[in-house]
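Take 2 as the starting number for the sequence shown in our numbering and just add one per residue.
Let me begin by presenting the structure, written as structure tokens, before commenting on it.
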Amino acid sequence: MHWAPLLSLCLLFECCNISLAAHSRRRTVFRREVEPKYDRAITTFSPDGRLLQVEYGMRAASRGDTVAAMTTDKFCCVAVSSSDKVHRIDGHILLITSGLVGDGRFMAAYLRNACQRHRLSCGEAPTVQEVANIAAGLQHELTRTAGARPFGCTCVIVGVDTSFDDHLPGVVRLFQSEPGGIVEECHYCAAGKNAASAWAALEQLFFDKVSNSNDDTTSVLQSVCSGVVNAALSENSQGGQGSADLWILRSDPNRRGKQHLLCVRKVDQSSAKEVASLIASDVS
């Protein structure tokens, strides 16, 4: 009669597939079937051909503040929530990041060293495309390095490619690179948490005011400045009451790096048109 409760308890353990640990009084280990995980290592593909760690990095980048940028033949406008995420890489190149701030600072330091090495070895400044390829190469290298993790930031590289003639203006170029190592040159781009709505606004602005427009440079600059700010502040979490820093980069052979940089802090949607008019009159 005394063995009946003990026998019932043993049968219960066997039916539930429970294994007592070495210190059974402290904890109990349950043996269950665990699905295979493919996000533990960066070098492991999932069965459907995805690198989940890279997707996690892209998700982290998409949580950053919105960055909107658009370029024309003569200038480039960039709207960003804070100028702390704008880094000067070389005399003619800027880096704007969206995502993890620490990853953005590391990328900026890495690109500065790469530009210095290029100047020492080649005797000239690197082009904007070369810097963009270096950034994308570092991002791609981290997707195939065991023990590393991808960057959690998207990089926007903008600058002026100088010509061989010092008296001729340079060409303004815009690139964007993703945590997976994808890099592309574009006329407009957006990154961050409201990238989808910013892309739609920039696309409409580009085809309405830039690509098929016969307006003069001043009116185009005014439209682009106000449009970029509105795109960066679209669907703002504070009900549209946020502000952004507006950066304008244009080619100028008489300045450092053959570019003229202008920054206007704390521009909101209500004052975007007025600020754009003042910038257009100053630049022209």
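We treat Cβ as the ideally placed atom computed from N, Cα and C, and that holds for glycine.
Since the structure is predicted, the reported quantities are computational estimates derived from the model, not experimental observations.
Tell me whether Pro180 is buried or exposed, calling it buried when 16 or more other Cβ atoms sit within 10 Å of its Cβ.
-> So Pro180 counts as buried.
Flag this pair as yes or no: are the beta carbons of Ser84 and Gly193 separated by less than 8 Å?
-> The answer is no: Cβ separation not under 8 Å.
Beta-carbon proximity list for Ser252, same chain, < 8 Å, skipping 5 on both sides = So the list reads Lys75, Phe76, Val161, Pro170, Gly171, Val172, Val173, Lys259, Gln260 and His261, once near-sequence residues are dropped.
Reduced DSSP category for Val144 - H, G, I as helix; E, B as strand; rest coil | The sequence given here places Thr at residue 144; Val does not occur at that position. Three-state DSSP puts Thr144 in coil, outside helix and strand.
Arg118 and Ala126: beta carbons closer than 8 Å?
-> In this structure, Ala126 does not lie closer than 8 Å to Arg118 by Cβ.
Cα-Cα separation between Thr67 and Asn195, rounded to whole angstroms = Approximately 6 Å, taken between the alpha carbons.
Boundaries (first-last residue) of the alpha helix (DSSP H) holding Gln54 = Boundaries of the alpha helix (DSSP H) harbouring Gln54: Leu53 to Ser63, taken from the DSSP string.
Quick one: what does DSSP say Tyr111 is sitting in, helix, strand or coil?
-> Three-state result, Tyr111: helix.
Backbone secondary structure at Arg266 - three-state DSSP | Arg266: strand per DSSP, three-state reduction.
Contact set for Leu234: own chain, Cβ-Cβ below 8 Å, skip 5 residues either direction | Result list for Leu234: Thr67, Ala80, Gly241, Gly243, Ser244, Ala245, Asp269 and Gln270, in chain order.
Local conformation of Ala191 per DSSP, three classes | Annotated three-state conformation of Ala191 is strand, per DSSP.
For Ala273, is the classification buried or exposed, using 16 other Cβ atoms within 10 angstroms of its Cβ as the cut-off for buried?
-> Buried is the call here.
Residues that Gly153 bridges to, as DSSP identifies them | The bridge partners DSSP lists for Gly153 come to none.
Determine contact between the stretch 97 to 109 and the stretch 140 to 155, defined as no fewer than three beta-carbon pairs at a distance below 8 Å.
-> Contact between the stretch 97 to 109 and the stretch 140 to 155 is present: three or more C-beta pairs spanning the two stretches fall below 8 Å.
Report buried or exposed for Cys116, applying the criterion of at least 16 other Cβ atoms within 10 angstroms of its Cβ.
-> Counting Cβ neighbours within 10 Å, Cys116 comes out buried, since at least 16 surround it.
Endpoints, the beta strand (DSSP E) within which Ala69 is located = Per DSSP, the continuous beta strand (DSSP E) segment holding Ala69 begins and ends at Val68 to Thr72.
So Thr144 packs on Gly182, CB below 8 Å; how close in whole Å?
-> The beta-carbon separation of Thr144 and Gly182, rounded to 6 Å, stays under the 8 Å limit for a contact.
What are the partner residues of Trp248, as DSSP defines its beta bridges?
-> DSSP lists Val79 and Cys264 as the beta-bridge partner residues of Trp248.
Output the distance between the C-alpha atoms of Lys38 and Gly148, rounded to the nearest integer angstrom.
-> Gly148 has its alpha-carbon roughly 16 Å from the corresponding atom of Lys38.
Give the secondary structure of Glu120 by DSSP, where H, G and I count as helix, E and B as strand, and everything else as coil.
-> Inspection of the sequence shows that residue 120 is occupied by Arg rather than by Glu. For Arg120, the secondary structure class from DSSP, reduced to helix, strand or coil, is helix.
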